[in-house]
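Residue 239 is where the sequence shown starts when you use this note's numbering, and the numbers rise one by one after that. For each residue, glycine too, the CB sits at the ideal point set by N, CA and C. Values in this document were obtained by computation on a predicted structure and should not be read as measured data.
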Amino acid sequence: MASVFNAFIAYQFLKTLTNKWDQMEAYKLGIIDKNGKQLKKTAELETAKEKQAYTIFHRLVFNLKRVLERFPFGKSRIASYSAAFALLKESRDDFSDDEYELMESMLMDYINLQESTLSDSYFESVELVEGVAVPKKTYQHAVNALKSVVDRKMKEAGKRGLKHSVGYYSAMVAKTYSGVNSRELERMFKSAHPQLAKECVEEEMSEEIVNAVGTGANVAGLTGVPSKFAGMKVFPIKTQTYVGLMKGKKKYARWKKYMETQEATPIREYIKKRPKEKVVLMDQSSGTMMILHRHNEI
239 MASVFNAFIA
249 YQFLKTLTNK
259 WDQMEAYKLG
269 IIDKNGKQLK
279 KTAELETAKE
289 KQAYTIFHRL
299 VFNLKRVLER
309 FPFGKSRIAS
319 YSAAFALLKE
329 SRDDFSDDEY
339 ELMESMLMDY
349 INLQESTLSD
359 SYFESVELVE
369 GVAVPKKTYQ
379 HAVNALKSVV
389 DRKMKEAGKR
399 GLKHSVGYYS
409 AMVAKTYSGV
419 NSRELERMFK
429 SAHPQLAKEC
439 VEEEMSEEIV
449 NAVGTGANVA
459 GLTGVPSKFA
469 GMKVFPIKTQ
479 TYVGLMKGKK
489 KYARWKKYME
499 TQEATPIREY
509 IKKRPKEKVV
519 LMDQSSGTMM
529 ILHRHNEI
């Protein structure tokens, strides 16, 4: 009997948490507003119907629902459903395996039902990139802006075709939007416009750099084949090396010492041929970049 009661409470919990505010009985009775905020105090509830629509159970679920909606994807019903299920599993240890399987089955059925609208809700959500919450419309606008740039570049290039990758154009556009991550923007663009993305080159590389690092395999602190960022050559380096360069005590000594090492040979050879050009050093783990342009100081 207890198991049946627990299953019923679990169902009521999930059902209430995933309902829209305007579908709640408490909303229809004027106890809460469209955002779940309480309009009537408990002491002001007079009829039995009002008291049944706003019990201690409802206050708990409503407050939890409002908290969840503050988080990225929080307003997604799928996220609320998943979070509710996780909370139930963590807070209760007296559910049977059958009851867990039943709730998991309900969750999967619900997600499958919503699958057709996932692409739309992707843009309706709030993106969380590198710890920064970016409004939903910002990424949508950035993707549209990136499409405009690629379209324009294609018209300018004509039969010659585009000479840069999607990542190159993504980096350009991302810089004009606060908080937008270029890699995330590139991924979203490829998902939204796969055919257009194919018109861009797959990967940019310099013949001189390829000759310097061979096949592009790891060379001490260097990893992969350098690409371009805003027209500048990018040299990915290990995180440990990157951090060490940022924390040197003397202003240019840390750069000079690094450039004299064997692992910096490709960079050194490149800037010797192009002393006036700037190059970019990129932390291969985080993607954080710094511009190296004081060649005369190193």
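- Secondary structure at valine 518: strand, using DSSP grouped into helix, strand and coil.
- When secondary structure is reduced to three states using DSSP, valine 404 falls in the helix class.
- Residue state for valine 472 is assigned as strand, using DSSP reduced to three classes.
- Assignment of methionine 262 by DSSP, reduced to helix, strand and coil, places it in the coil class.
- Per the C-alpha coordinates, the member of His402, Leu423, Ser403 positioned closest to valine 411 is Leu423.
- Pairing valine 404 with threonine 376 gives a Cβ-Cβ distance that is not under 8 Å.
- Taking the C-beta atoms as reference points, methionine 520 is found nearer than 8 Å to valine 472.
- Of the other Cβ atoms in all chains shown, 16 or more fall within 10 Å of the Cβ of serine 408; this residue is therefore buried.
- If the five residues before and after lysine 428 are omitted, its C-beta is found closer than 8 Å to the C-beta atoms of Val404, Ala435, all from its own chain and listed in chain order.
- DSSP, read as helix, strand or coil, puts isoleucine 269 in coil.
- For glutamate 284, no alpha helix (DSSP H) segment is defined, and its DSSP state is neither H nor E.
- For the options Lys287, Met262, Gln500, Ile529, the alpha carbon positioned closest to that of lysine 275 is the one of Met262.
- Around the beta carbon of phenylalanine 295, a 10 Å sphere encloses fewer than 16 other beta carbons of the protein chains shown; the residue is thus reported as exposed.
- From the listed residues Ser386, Thr477, Lys495, Thr254, the smallest Cα separation to valine 299 is found for Thr254.
- Note: methionine 497 is not bridge-paired with any residue in the DSSP secondary-structure output.
- With contacts defined by Cβ atoms closer than 8 Å, isoleucine 269 and glutamate 288 form a contacting pair.
- Beyond the five residues adjoining it in sequence on each side, alanine 264 comes within less than 6 Å, by CB distance, of Ile270, Ala291, Tyr292 in the same chain, given in chain order.
- The secondary-structure analysis by DSSP pairs isoleucine 505 with nothing; it has no beta-bridge partner.
- Nearest to glutamine 522 by C-alpha distance, out of Asn301, Thr477, Lys266, Asn273, is Thr477.
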